[in-house]
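Enquirer: My questions will all concern the structure given below.
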Amino acid sequence: MRIGVFDSGVGGKSVADAIHKAMPNAEVIFVYDHVNFPYGSKTTEELISIVTPILQELATKTDVIVVACNTVSTNLIEPLREAISVPLVAVEPMVKVAAEQTKTGVFAVCATPRTLASVRYQWLKDTFAIGKTVVEPDCADWSRMIEANSINEQKIKQQIDEVCRAGADVVVLGCTHYHWIEGLITKILDGRAVVLQPEKAIIRQLDRIAKEIEPIV
Ligand code: DGL
């Protein structure tokens with residue numbers, strides 16, 4: 050199976066690496082959009098015109114595309130599914146799992162401003178997090194720090210300590226860039242909360258699709 054993986058930047062590489070490791074026989078084609086990075090501060094209209102042609106091109110070489118960008122998945126997945134000829138695997142904040150796992154009734158979602166503003170994210174909260182408190186730290190500059198590989202550990206520590214003080218016992222990584230600092234966040238948490246990110250769920254979904262798809266080559 051030929052698997053396309055798309056993101057604005059290095060977040061997608063973390064997902065592509067995880068897929069490659071779990072599915073060594075699949076061909077993984079990773080495409081990112083460094084020209085238009087970051088996506089998290091763009092409007093939905095801007096993102097549609099930027100992302101549609103990139104995925105149309107990627108669809109000509111792949112059997113399935115993982116939209117390894119929460120910002121794109123939560124805001125554009127429906128119009129993209131209409132425009133793109135191969136199945137799209139969407140990646141979105143793991144609100145349902147967090148709501149099921151929290152014991153304190155409080156969890157944190159770290160995501161870009163555009164993801165947090167999306168109708169889909171609001172729907173996830175309204176549907177799965179009823180009666181829970183969702184803390185949303187200001188992560189607006191995290192993806193830039195990670196893309197530039199200049200991570201301000203102190204700043205991240207302040208934000209993570211704050212969500213712990215608010216009672217969160219689960220921290221959702223709702224932007225694939227943050228997968229690169231999962232280890233740092235886990236270290237800062239030091240057992241106070243667990244970290245959720247979607248790579249295993251993406252791979253399970255790809256396994257299901259692989260069974261359904263007849264490879265073209
Ligand atoms: N990696 C992307 C996400 O999962 C967005 C990063 C950005 O371009 O701001 O939301």
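Residues in the sequence shown are numbered from 50 upward in steps of one, following the working numbering. Backbone N, C-alpha and C define an ideal beta-carbon position, used for all residues, glycine too. Predicted, not measured: the structure shown is a model, and the values here were computed from it.
Tell me Tyr81's beta-bridge partners as DSSP assigns them.
Expert: Mapped onto the sequence shown, residue 81 falls at position 32. Under DSSP, Tyr81 shares a beta bridge with Asp56.
Enquirer: Quick one: is Asn124 buried, meaning 16 or more other Cβ sit within 10 Å of its Cβ, or exposed?
Expert: Indexing the sequence shown from 1 puts residue 124 at position 75. Buried: at least 16 other Cβ atoms inside 10 Å.
Enquirer: Look at the alpha carbon of Pro186 and the alpha carbon of Leu165, and state the distance between them as a whole number of angstroms.
Expert: The residue given as residue 186 occupies position 137 in the sequence shown. The residue given as residue 165 occupies position 116 in the sequence shown. Answer to the nearest angstrom: the Cα atoms are 10 Å apart.
Enquirer: Closest to Val212 by CA distance: which of Ser57, Cys188, Arg193 is it?
Expert: The sequence position of residue 212 within the sequence shown is 163, counting from 1. Measuring from the Cα of Val212, the nearest candidate turns out to be Cys188.
Enquirer: Going by beta carbon distance, what residues of the same chain come within less than 7 Å of Pro247, once the five residues before and after it are set aside?
Expert: Stepping through the sequence shown from its first residue, residue 247 is reached at position 198. Within the same chain, Pro247 has close Cβ partners Val140, Met143.
Enquirer: Let me check understanding here. Comparing Cα to Cα, which of Val146, Ile205, Cys159 lies closest to Phe177?
Expert: What you label residue 177 is simply residue 128 of the sequence shown in a count that begins at 1. Cα-wise, what sits closest to Phe177 is Val146.
Enquirer: Are the Cβ atoms of Ile258 and Val77 separated by less than 8 Å?
Expert: Here residue 258 corresponds to residue number 209 of the sequence shown, with the count starting at 1. Here residue 77 corresponds to residue number 28 of the sequence shown, with the count starting at 1. Contact: no.
Enquirer: Going by DSSP, name the residue or residues bridged to Val155.
Expert: Taking the first residue of the sequence shown as position 1, residue 155 is located at position 106. Answer is Thr182.
Enquirer: I need the straight-line Cα distance from Val121 to Lys152, nearest angstrom please.
Expert: As a position in the sequence shown, residue 121 is number 72, starting the count at 1. As a position in the sequence shown, residue 152 is number 103, starting the count at 1. Computed Cα separation, rounded: 30 Å.
Enquirer: Expressed to the nearest angstrom, what Euclidean distance is found between the alpha-carbon atoms of Leu137 and Ile251?
Expert: Walking along the sequence shown from the start, residue 137 turns up at place 88. Walking along the sequence shown from the start, residue 251 turns up at place 202. Those two C-alpha atoms are separated by around 11 Å.
Enquirer: Quick check: does the Cβ of Tyr88 come within less than 7 Å of any heavy atom belonging to the ligand DGL?
Expert: As a working note, residue 88 is residue 39 in the sequence shown. At least one heavy atom of the ligand DGL sits closer than 7 Å to the Cβ of Tyr88.
Enquirer: Are the beta-carbon atoms belonging to Glu231 and Val243 less than 8 Å from one another?
Expert: Stepping through the sequence shown from its first residue, residue 231 is reached at position 182. Stepping through the sequence shown from its first residue, residue 243 is reached at position 194. No, Cβ-Cβ distance for Glu231 and Val243 is not below 8 Å.
Enquirer: DSSP on Ala139, reduced to helix/strand/coil?
Expert: For this step, residue 139 is matched to residue 90 along the sequence shown. Residue state, collapsed to three classes: strand.
Enquirer: I need the straight-line Cα distance from Gly223 to Ile103, nearest angstrom please.
Expert: As a first step, residue 223 must be located in the sequence shown, where it is residue number 174. As a first step, residue 103 must be located in the sequence shown, where it is residue number 54. Whole-angstrom Cα-Cα distance: 22 Å.
Enquirer: Please list, in chain order, all residues of the same chain as Ile133 whose beta carbon is under 6 Å from its beta carbon, the five residues on each side excluded.
Expert: The residue given as residue 133 occupies position 84 in the sequence shown. So the list reads Leu104, Ala108, once near-sequence residues are dropped.
Enquirer: Helix, strand or coil for Ile114 per DSSP?
Expert: Working through the sequence shown from its first residue, we reach residue 114 at position 65. Three-state DSSP puts Ile114 in a strand.
Enquirer: Is DSSP giving Arg130 helix, strand or coil here?
Expert: To locate residue 130, count along the sequence shown from 1; it is residue 81. In the three-state DSSP reduction, Arg130 falls in the helix class (H, G or I).
Enquirer: When you compare each of Arg51, Val158, Leu233, Leu96 to Glu82 by their alpha carbons, which one comes out closest?
Expert: Here residue 82 refers to the residue found at position 33 of the sequence shown. Checking the sequence, you will find Asp at residue 82 rather than Glu. Per the Cα distances, Leu96.
Enquirer: Expressed to the nearest angstrom, what Euclidean distance is found between the alpha-carbon atoms of Phe55 and Ala148?
Expert: By one-based count along the sequence shown, residue 55 stands at place 6. By one-based count along the sequence shown, residue 148 stands at place 99. Annotation: Phe55 to Ala148 spans about 28 Å, alpha carbon to alpha carbon.
Enquirer: The ligand DGL heavy atoms versus the CB of Asn74: any closer than 7 Å?
Expert: As a first step, residue 74 is located in the sequence shown; it is residue number 25 there, counting from the start. Incorrect: Asn74 has no Cβ contact closer than 7 Å to the ligand DGL.
Enquirer: Rounded to whole angstroms, what's the CA-CA distance from Ala197 to Ser57? Just pull it up for me.
Expert: For the purposes of this step, residue 197 is taken as residue 148 along the sequence shown, with counting starting at 1. For the purposes of this step, residue 57 is taken as residue 8 along the sequence shown, with counting starting at 1. Each residue's alpha carbon lies about 13 Å from the other.
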